[in-house]
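Asks: Dumping the structure here so I can ask a few things about it.
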Amino acid sequence: MAKSSKISASHEPGGLIVHISGLLPSLSPAEQRVARLVVADPADAARRTITDLATAAETSEATVIRFCRSVGMDGYPQLRIRLAAEAARRIEPPDARVVGGDIPPGADLAQIIATIAFNDARAVEETAEQLDPAVCERVVEAIGAAGRIDVYGAGASGFVASDFQQKLHRIGRIAFYFPDVHTALTSAALLGRGDVAVGISHTGTTSDVIEVLEQARARGATTVALTNFPRSPITEVADHVLTTAARETTYRSGATASRLAQLTVVDCLFVGVAARSRARTKKALEATAEAVQSHRVGPGRRRG
Numbered sequence: 002m003a004k005s006s007k008i009s010a011s012h013e014p015g016g017l018i019v020h021i022s023g024l025l026p027s028l029s030p031a032e033q034r035v036a037r038l039v040v041a042d043p044a045d046a047a048r049r050t051i052t053d054l055a056t057a058a059e060t061s062e063a064t065v066i067r068f069c070r071s072v073g074m075d076g077y078p079q080l081r082i083r084l085a086a087e088a089a090r091r092i093e094p095p096d097a098r099v100v101g102g103d104i105p106p107g108a109d110l111a112q113i114i115a116t117i118a119f120n121d122a123r124a125v126e127e128t129a130e131q132l133d134p135a136v137c138e139r140v141v142e143a144i145g146a147a148g149r150i151d152v153y154g155a156g157a158s159g160f161v162a163s164d165f166q167q168k169l170h171r172i173g174r175i176a177f178y179f180p181d182v183h184t185a186l187t188s189a190a191l192l193g194r195g196d197v198a199v200g201i202s203h204t205g206t207t208s209d210v211i212e213v214l215e216q217a218r219a220r221g222a223t224t225v226a227l228t229n230f231p232r233s234p235i236t237e238v239a240d241h242v243l244t245t246a247a248r249e250t251t252y253r254s255g256a257t258a259s260r261l262a263q264l265t266v267v268d269c270l271f272v273g274v275a276a277r278s279r280a281r282t283k284k285a286l287e288a289t290a291e292a293v294q295s296h297r298v299g300p301g302r303r304r305g
């Protein structure tokens with residue numbers, strides 16, 4: 002079995018706000034209210050006393066202290082210092098209305114476009130910032146040496162799983178994606194040592210993906226989880242955990258931001274695998290490009 006690559010509570014390479022956002026589902030309801038205030042406006046939170054923050058979150062000072070410890074801080078003074086530093090380094094858009102991603106009633110299309118573009122771009126940037134190169138390297142090594150790779154995902158994450166499978170297949174890797182949980186389970190049951198199973202779930206709570214990844218692990222395959230939340234259930238059945246940093250917004254739960262963040266990680270893994278065997282990759286890409294060339298419309302052809 003591959004060496005485990007789990008994410009510790011104190012691991013926050015992409016910044017404190019990304020770290021807190023990823024841990025939010027694992028916090029108590031009262032701690033989540035504190036977390037949302039901190040994530041929404043770290044500069045404002047840094048200026049508040051512990052009493053002010055507790056009052057704004059409709060909770061107690063003791064809960065604020067528990068929140069600090071839950072996210073890896075020694076106490077509230079350390080949290081305020083870190084939040085002030087985080088606020089100072091954040092790059093905000095020219096139009097402050099797009100920050101946070103919430104689209105208020107009555108927003109015009111220009112504001113909607115600006116909000117979506119800014120927050121989708123931020124999801125990609127923050128995902129790249131917090132992505133652990135060492136874990137990526139171990140995943141790339143496992144996929145590169147695998148006899149077979151199964152990729153699992155449901156709903157929006159299923160599109161990403163399918164994309165990853167097609168990318169790997171195009172460079173000659175034996176890879177499969179099964180959108181139906183029954184066929185995915187039967188495939189996972191045939192995996193073994195030296196094979197790799199990749200489960201993609203934004204929330205990390207999709208039972209179908211967790212079940213299939215658990216099956217693959219029981220058969221001896223190396224398991225990889227790609228999720229937005231490092232303490233989610235899917236991480237419990239994964240040898241390696243990779244995380245995204247997407248924040249879903251109004252009308253867009255499970256939508257574009259999460260997929261773009263997942264595709265960023267998938268592309269990093271794909272290029273990593275391809276670069277390990279450049280000659281083989283080049284030959285495979287040329288062969289597959291040639292195979293579909295006759296189905297492309299040439300520049301001289303015009304529609305009638």
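Residue numbers (the numbering used here): 2 to 305. Beta carbons: idealized from backbone N, C-alpha and C, even for Gly. It should be emphasised that the depicted structure is a prediction, and the values quoted were computed from it without experimental measurement.
1. Counting beta carbon pairs with one atom in the region 218–225 and one in the region 121–128, are three or more of them shorter than 8 Å?
2. How close, in whole Å, do the beta carbons of Y153 and G193 come, if the pair is a contact with beta carbons under 8 Å?
3. So T236 packs on G205, CB below 8 Å; how close in whole Å?
4. Rounded to a whole number of angstroms, what is the C-alpha to C-alpha distance between H20 and A288?
5. So, S259 versus H203, is the Cβ gap smaller than 7 Å?
6. Classify E1: buried if its beta carbon has 16 or more other beta carbons within 10 angstroms, exposed otherwise.
7. Could you tell me how far apart the beta carbons of A198 and A176 are, in whole angstroms, since I believe they sit closer than 8 Å?
8. Who are the near neighbours of A383 in its chain, counting only those whose CB is closer than 7 Å to its CB and skipping five residues on each side?
9. Can R248 and S29 be called in contact, C-beta distance under 7 Å?
10. Considering A44, what are the terminal residues of the alpha helix (DSSP H) in which it resides?
11. Counting only the same chain and skipping the five closest in sequence on each side, list residues whose C-beta sits under 7 Å from that of G173.
12. Could you check the C-alpha separation between S208 and T245 for me, to the nearest Å?
13. Could you pull the DSSP bridge partners for T224 from this structure?
14. Would G145 pass as a contact of V238 if the rule is Cβ separation under 7 Å?
15. Is the Cβ-Cβ distance between L270 and V141 less than 7 Å?
16. In chain order, what residues of the same chain lie with their CB nearer than 8 Å to the CB of M74, ignoring the 5 residues before and after it?
17. In three-state DSSP terms, what is S254?
18. For L169 and L264, what's the separation of their Cα atoms in angstroms?
19. What does the alpha-carbon distance come out to for the pair A44 and I18?
20. At the level of alpha carbons, what is the spacing between P78 and V72?
21. Could you pull the start and end residues of the alpha helix (DSSP H) that L80 belongs to?
22. For the beta strand (DSSP E) containing T244, name the first residue and the last one.
Replies: Reading it off the structure:
1. Fewer than three Cβ pairs drawn from the region 121–128 and the region 218–225 lie within less than 8 Å of each other, which leaves the two stretches out of contact.
2. Taking the first residue of the sequence shown as position 1, residue 153 is located at position 152. Taking the first residue of the sequence shown as position 1, residue 193 is located at position 192. Contact flag wrong, Cβ pair sits at about 17 Å.
3. On the sequence shown, residue 236 is found 235 positions in, with the first residue counted as 1. On the sequence shown, residue 205 is found 204 positions in, with the first residue counted as 1. For T236 against G205, the beta-carbon gap comes to about 6 Å, under 8 Å, which counts as contact.
4. For this step, residue 20 is matched to residue 19 along the sequence shown. For this step, residue 288 is matched to residue 287 along the sequence shown. About 43 Å.
5. Counting from 1 along the sequence shown, the entry for residue 259 is found at position 258. Counting from 1 along the sequence shown, the entry for residue 203 is found at position 202. Going by C-beta atoms, S259 is nearer than 7 Å to H203.
6. Nothing in the structure corresponds to residue 1, since the chain is present only between 2 and 305.
7. Along the sequence shown, read from residue 1 onward, the residue named residue 198 stands at position 197. Along the sequence shown, read from residue 1 onward, the residue named residue 176 stands at position 175. Contact between A198 and A176 does not hold, since the beta-carbon distance rounds to 11 Å and is not under 8 Å.
8. Coverage of the chain is limited to positions 2 through 305, which leaves residue 383 absent and any answer about it impossible.
9. Here the question's residue 248 lines up with position 247 in the sequence shown. Here the question's residue 29 lines up with position 28 in the sequence shown. No; because the gap between Cβ atoms is not below 7 Å, this pair is not in contact.
10. Counting from 1 along the sequence shown, the entry for residue 44 is found at position 43. A44 -> alpha helix (DSSP H) spans 43–48.
11. Indexing the sequence shown from 1 puts residue 173 at position 172. By the criterion of a C-beta distance shorter than 7 Å, G173 is surrounded in its chain by R281, A285, once the five residues flanking it on both sides are discounted.
12. Within the sequence shown, numbered from 1, the residue matching residue 208 stands at position 207. Within the sequence shown, numbered from 1, the residue matching residue 245 stands at position 244. If you draw a straight line from the Cα of S208 to the Cα of T245, it is about 19 Å long.
13. Residue numbering aside, residue 224 sits at position 223 when the sequence shown is read from its first letter. Beta-bridge partners of T224 (DSSP): A198.
14. Taking the sequence shown and counting its residues from 1, the one referred to as residue 145 is at position 144. Taking the sequence shown and counting its residues from 1, the one referred to as residue 238 is at position 237. Not closer than 7 Å, so no.
15. Locating residue 270 in the sequence shown gives position 269, where the first residue counts as 1. Locating residue 141 in the sequence shown gives position 140, where the first residue counts as 1. Yes, these two residues count as a Cβ contact at 7 Å.
16. The sequence position of residue 74 within the sequence shown is 73, counting from 1. The residues are L80, R83.
17. What you label residue 254 is simply residue 253 of the sequence shown in a count that begins at 1. Only weak support is given to the placement of S254: the predicted model assigns it a pLDDT of 48, under 50, and the value that follows is read from those uncertain coordinates. Coil at S254, not helix or strand.
18. Position 168 of the sequence shown, counting from 1, holds the residue named residue 169. Position 263 of the sequence shown, counting from 1, holds the residue named residue 264. Going by the C-alpha atoms only, they are around 13 Å apart.
19. Start at 1 with the first residue of the sequence shown, and residue 44 comes out as number 43. Start at 1 with the first residue of the sequence shown, and residue 18 comes out as number 17. The alpha-carbon atoms of A44 and I18 are separated by roughly 11 Å.
20. As a first step, residue 78 must be located in the sequence shown, where it is residue number 77. As a first step, residue 72 must be located in the sequence shown, where it is residue number 71. Looking at the two C-alpha atoms, the distance is approximately 14 Å.
21. Taking the sequence shown and counting its residues from 1, one reaches residue 80 at position 79. In this chain, the alpha helix (DSSP H) harbouring L80 covers 77–90.
22. In the sequence shown, counting from the first residue as 1, residue 244 sits at position 243. Note, T244: beta strand (DSSP E), 241–244.
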